[in-house]
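In our numbering, the protein residues as written are 554 to 976.
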RNA sequence: GUGGGUAUAGCUCAGUUGGCUAGAGCGCCAGAUUGUGGCUCUGGAGGCCACCGGUUCAAGACCGGUUAUCCACCCCA
């Protein structure tokens, strides 16, 4: 039986990887511009990190984690998301001793044991950023702007930004009371999951898609209408900052993120072009998280952006990612002497940053021409006995078919000039 | 975890009410008088028709199971 890739995973083949390079390079550029530096962290962590960081009541922790014991009996878990790890590394490496805020980004695989569908994998990749140490609402807006800028620069302008405030622990206590008071008379009309949510995390009931639940909660009090003065003030200034940047948004009191650590700002960037899984970026503020996992009391805000979903958005929008630059020169060696000269030359040219190649398949001249054409080589040259003896070669422009005769020992200079012309 | 769709060449797919030596396009390889690509033409390689069992004289087609994959729910990026 042929071995196949595990369910919900994807291979990124050489013919596809340039797309990843392109979007990652763009993300790095935008991060650098905004003062965010990369952090690289392990793909797995002690399981406890996610129990404490992501939250016991979340679906992610309850049923989606890839957890296993290593040979010494430690419980480890493949990262289901990026923020908890970033926070752990921030604390562990004492990064809070450096000038604040700490602004960083990462690319990471994330693993969740889910049933795959369009835009949903068991291993997916996230581009994420986190800003630690600042509670200023303008940094919430900065974080979101980075996400929006990535898409904007790629040519996507059809996305919608939805924002909400889900309060802080202080106002949430009051709100939960209010929620429960509202819900308890309707409790038996709610679905099973919501009845469970009622005790563990009533806020999530707002998010339920069950029709019977939606019917019951049309007049449910929203967190947004019940946040404390501090949170309300933060939300106002946050919106103001979005306005100053010029970002369009809609306030959606229904946004409740699925991870427990969020406070105040919560946001989603959504599209309706890629199927049911339309959230292309999600994030928010998590002012209690760092303390929660034994770090100094430090506010934070960040997002995760799914790279696979981003690529689907681009594909659906018909946006072409630029292909890598073509080969400058393909050298066709003929005869023993010509083949040797081809080997010598391609390495000499490569040492001088000329992208070039030769045949390795013992192909005929014609077949090599065809191959060079398929590789989109800009120039080709044929080198055999005569060329070597006379020190003269013809370099052919593959775009227009024209040929120029030059001296063999001038090939490097000739190609350098051609390279200059392009730039 | 629940529901529905689909499994035939590297890729995209045909295969008529069960009757083949299982096909096409693209891609790959080779050639079209021996040192010049793209277009065209010719040829070739490549399939246990997902797997296991059943019905039948006969199964790629029908039935059952398994697995994989796609889509949706839940949830999320």
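All C-beta atoms, glycine included, are put in the ideal place defined by N, C-alpha and C. A quick note: this is a predicted structure, and the numbers were derived from the prediction, not measured.
- DSSP lists no beta-bridge partner residue for residue 735.
- Excluding the 5 residues flanking it on each side, residue 602 has same chain C-beta neighbours closer than 6 Å at 637 and 641, in chain order.
- For the stretch 654-740, the full-length beta strand (DSSP E) segments reaching 3 residues or more read 655-664, 676-685 and 713-718 along the chain.
- Per DSSP, the unbroken beta strand (DSSP E) holding residue 956 starts and ends at 956-960.
- Distance between residue 556 and residue 786, taken at the CA atoms: about 57 Å.
- Fully contained in the stretch 729-814 are the following alpha helix (DSSP H) runs of length 4 or more, in chain order: 745-753, 764-769 and 782-798.
- For residue 854, the enclosing beta strand (DSSP E) covers residues 853-859.
- Counting C-beta atoms within 10 angstroms of its own C-beta, residue 740 has fewer than 16 neighbours from the protein chains shown and is therefore classed as exposed.
- Assignment of residue 838 by DSSP, reduced to helix, strand and coil, places it in the strand class.
- Taking 8 Å as the cut-off, the Cβ atoms of residue 946 and residue 959 count as close.
- Around the beta carbon of residue 630, a 10 Å sphere encloses 16 or more other beta carbons of the protein chains shown; the residue is thus reported as buried.
- For residue 585, the three-state secondary structure derived from DSSP is helix.
- Cα atoms of residue 965 and residue 901: separation of roughly 8 Å, rounded to the nearest angstrom.
- At a Cβ-Cβ threshold of 8 Å, residue 635 and residue 670 do not count as neighbours.
- Residue 769 and residue 868 have their alpha carbons spaced roughly 40 Å apart.
- Taken through DSSP and simplified to helix, strand or coil, residue 927 comes out as helix.
- Relative to the Cα of residue 620, the nearest Cα in the group 633, 612, 809 and 820 belongs to 633.
- When secondary structure is reduced to three states using DSSP, residue 908 falls in the coil class, being assigned neither helix nor strand.
- Excluding the 5 residues flanking it on each side, residue 613 has same chain C-beta neighbours closer than 8 Å at 603, 607, 633, 634, 665, 811 and 812, in chain order.
- Of the candidates 828, 814 and 809, the residue whose Cα lies closest to the Cα of residue 821 is 809.
- According to the DSSP assignment, residue 622 belongs to the beta strand (DSSP E) that extends over 619-622.
- The Cβ neighbour count for residue 921, taken over all protein chains shown within 10 Å, is at least 16; the residue is labelled buried.
- For residue 887, the secondary structure class from DSSP, reduced to helix, strand or coil, is coil.
- Per the C-alpha coordinates, the member of 574, 719, 833 and 781 positioned closest to residue 709 is 833.
- Rounded to the nearest angstrom, the gap between the Cα atoms of residue 952 and residue 970 is 17 Å.
- Boundaries of the beta strand (DSSP E) around residue 816: 816-823.
- DSSP, read as helix, strand or coil, puts residue 829 in coil.
- If you ignore the 5 residues before and after residue 731, its C-beta comes within less than 8 Å of the C-beta of 774 and 779, all in its own chain and listed in chain order.
- In this structure, the alpha-carbon of residue 906 lies about 23 Å from that of residue 573.
- DSSP, reduced to helix, strand and coil, places residue 949 within a strand of the structure shown.
- Beta bridge pairing from DSSP links residue 882 with 909 and 932.
- In the structure shown, residue 876 falls within a coil segment according to DSSP collapsed to helix, strand and coil.
- Residue range 597-599 is occupied by the beta strand (DSSP E) that includes residue 598.
- The continuous stretches of beta strand (DSSP E) do not include residue 566, and DSSP gives it neither H nor E.
- In the three-state reduction of the DSSP assignment, residue 609 falls in the coil class.
- A check of alpha carbon separations from residue 676 across 683, 570, 686 and 562 identifies 562 as the nearest.
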